[in-house]
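FYI, the working numbering numbers position 430 of the sequence shown as 446, with every residue one higher than the one before it. Here the structure is laid out as structure tokens; the discussion comes afterwards.
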Amino acid sequence: MQKFLYYIMLLPLMASMFNSCKKEKETITFRADDVTVIDYEYNTATKRLSPQNSVSAQITSAAGIRHIYTYLVRPNFTDTLVKVEYADETNTNSYNYSLPVEFFNKFKMQDVAGLKLMIMHHDHTAGEGRIVINSFTPPLPELRNFADTLRPDDNDVVHITGQAYSGNGIVKVEIFDDSPGDFTLVESIPVANHGTTYNLDYEYHYRPNASNIRLKVTDIFDLTSEKTINMPILPYIVYQDVNMGAQGTASVTVPNNIFFAETGSTLGSCDIPANETKLDFLFYGTSTRPQFYSPSNTANVAANFRCNGVGWSINTPGGAAALKATRFRVLVPGASAEIDALYAKFSANQIADLNADGFFEGIPAPSSSTARYAPPPTVPAQNIFNTTDAYLIWIRMLRDHGTFRNGLMRVKEAVSAGTAGLSTVKFDIYIAK
17 MQKFLYYIML LPLMASMFNS CKKEKETITF RADDVTVIDY EYNTATKRLS PQNSVSAQIT
77 SAAGIRHIYT YLVRPNFTDT LVKVEYADET NTNSYNYSLP VEFFNKFKMQ DVAGLKLMIM
137 HHDHTAGEGR IVINSFTPPL PELRNFADTL RPDDNDVVHI TGQAYSGNGI VKVEIFDDSP
197 GDFTLVESIP VANHGTTYNL DYEYHYRPNA SNIRLKVTDI FDLTSEKTIN MPILPYIVYQ
257 DVNMGAQGTA SVTVPNNIFF AETGSTLGSC DIPANETKLD FLFYGTSTRP QFYSPSNTAN
317 VAANFRCNGV GWSINTPGGA AALKATRFRV LVPGASAEID ALYAKFSANQ IADLNADGFF
377 EGIPAPSSST ARYAPPPTVP AQNIFNTTDA YLIWIRMLRD HGTFRNGLMR VKEAVSAGTA
437 GLSTVKFDIY IAK
């Protein structure tokens, strides 16, 4: 009951206050103030203002400034009260107005028109100031005509071409790769005079374990665009222009007649004894032309590989049969649709893998211990190759732990010398990792 009486007693006082406020509102009139401002442009991408990066105004009022209401004006929104500030009581006739650019970060500024300042005076009059702010949304730079996927060539080079474009002006183009796991910078290319286009023609040298290349263009507003190019890791290694000689003669020691798949390298007759369990195949000249030999098939020819006149004697327990049993199959065009398809893929550089159930699918596994060179008119066969049409050889080589690795040889040159032991061969070879 006492609380009820208390509120009843307050009603006249509240009514008086309401009437007072209403009266004050009704008597407000406008008096012009001197507001000195400049026009601004707000970059919605960089969130910066120009010509200076904060809003400022000089306000002079003869009536004296009490406080200032700041409204953000946008065509599609109701004017938004964003700030109220009070003048210094020691000098109410002059006020340095300022608003930092960070203030706008929380608002949608795409269609901003500016700020409206309601300047409230001590005599209950008001002035108004306008600060023009135009929004500017620069277009993002572009990366045009770049491939989605690229593979290293036989020299581990990826040729990247395309165009960077920005109507704003380009500062730089950067190339990254993910060799260490995260993308790291490989090259940064500055663009002279901030040109609007830059035609990139770049040779990226493959770095181990990289599977993606990322391009990044940056314009004068620090806007960026990126393009990621997939670079599938090839499941094989390519060794180009491998040269091998045959067994030599009693007076000529050949330095490159054995081949190692693990490194794609060759060694010669003097190195055979120390490596007889490691080598994957040999090159040997006969009266019926030179041929590739499986180490396990060398029992009858080992002594002809001479180091300074001394023939090779197999020291491994079990003899030649205990050495690697490499197997060959010459891929003869026309022998099957699968072989013809393989040649087409090879010519188009579409070698996805060297798997028996992939690239070699449908082709019988290698089974020959030798592959002999015989140019036309000799008809090629699964153990007879040439350099004109039947020049691809599928090779199966034993790994140290007992499984096989596949290889694909492309024979490029072969010379059947008058002295058989001085015959030579040149080839590219693709070896599964």
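We put the CB at the ideal spot given by N, CA and C, even for glycine.
Report the rounded CA-to-CA distance for residue i versus residue j, giving the unit in angstroms.
i	j	result
R322	V431	20 Å
N215	K232	13 Å
V148	I176	46 Å
D49	A79	8 Å
T279	F152	59 Å
F299	T282	11 Å
G418	G335	18 Å
D217	V174	11 Å
Y446	K63	54 Å
K41	T96	Confidence is the limiting factor: at K41 the pLDDT is only 46, short of 50, which leaves the residue's position unreliable and the question unanswerable from this model.
P58	N365	Correcting the residue identity first, residue 58 is Tyr in this sequence and not Pro. When rounded, the distance between both Cα atoms is 52 Å.
N228	A277	27 Å
P392	Q179	49 Å
K124	T94	13 Å
E105	F46	21 Å
T127	D55	The residue you asked about is not Thr; residue 127 is Asp in the sequence shown. Using only the alpha carbons, I get a separation of about 15 Å.
C37	H140	For C37, the predicted model reports a pLDDT of 42, less than 50, meaning its position is unreliable and no value from the coordinates is stated.
R82	M136	6 Å
I411	V326	30 Å
I249	R223	11 Å
G301	G284	14 Å
K99	P67	23 Å
F192	S267	55 Å
L339	M413	11 Å
P396	V258	22 Å
P251	K361	16 Å
V459	Y359	This structure leaves residue 459 out entirely; the chain is present only between 17 and 449.
G143	D238	40 Å
P157	A61	12 Å
K39	G145	For K39, the pLDDT reaches just 37, beneath the cut-off of 50, and the residue's location in the model is therefore unreliable, leaving the point undetermined.
G423	N324	32 Å
V53	Y85	16 Å
V254	N313	26 Å
When DSSP labels each residue in this structure, what does residue i get in the three-state scheme?
i	result
Y359	helix
G143	strand
H138	coil
G350	coil
S312	helix
N150	strand
V189	strand
P289	helix
K39	Since pLDDT at K39 reaches only 37, below the 50 mark, its modelled position is unreliable, and the value read off the structure follows with that caveat. Note: K39 maps to helix in three-state DSSP.
K232	strand
K99	strand
K63	coil
E377	coil
K442	strand
E242	strand
S432	coil
F120	helix
G437	helix
N209	helix
A341	coil
For a quick check, are the C-beta atoms of residue i and residue j less than 9 Å apart?
i	j	result
P380	A341	no
R415	S384	no
A337	A357	no
S155	G183	Correcting the residue identity first, residue 155 is Pro in this sequence and not Ser. Yes, they are a contact pair.
F308	L295	no
L65	L131	no
M260	K428	no
L370	A318	no
A387	I409	yes
V3	L133	Shown here, the chain extends from 17 to 449; a query on residue 3 therefore has no answer.
R160	F199	no
F376	A368	no
I75	Y102	no
V202	Y220	yes
D194	A163	no
For my contact list, residue i and residue j are in at a C-beta cut-off of 8 Å; report their separation, rounded to the angstrom.
i	j	result
Q263	G437	5 Å
R426	D444	5 Å
Measuring only between beta-carbons, confirm whether residue i sits less than 9 Å from chain C.
i	result
L370	Among the chains in the structure shown there is no chain C, since it carries only a single protein chain.
For this session: Mind the definition here: the stretch 320–337 touches the stretch 280–290 only if three or more C-beta pairs lie below 8 Å; say whether that holds.
Result: yes
Exercise. Counting pairs of beta carbons, one from the stretch 391–405 and one from the stretch 345–361, are three or more of them closer than 8 Å?
Worked result: A contact exists between the stretch 391–405 and the stretch 345–361.
Problem set entry | Inter-stretch contact (C-beta, 8 Å, three-pair minimum) for the stretch 104–124 and the stretch 62–74 | yes
For this session: Give a yes or no on contact between the stretch 183–195 and the stretch 163–171, applying the rule of three or more CB pairs nearer than 8 Å.
Result: no
Exercise. Is it a yes or a no for the stretch 222–239 touching the stretch 351–370, going by three-plus beta-carbon pairs under 8 Å?
Worked result: no
Exercise. Should the stretch 237–249 be regarded as contacting the stretch 203–218, the criterion being three or more beta carbon pairs within less than 8 Å?
Worked result: no
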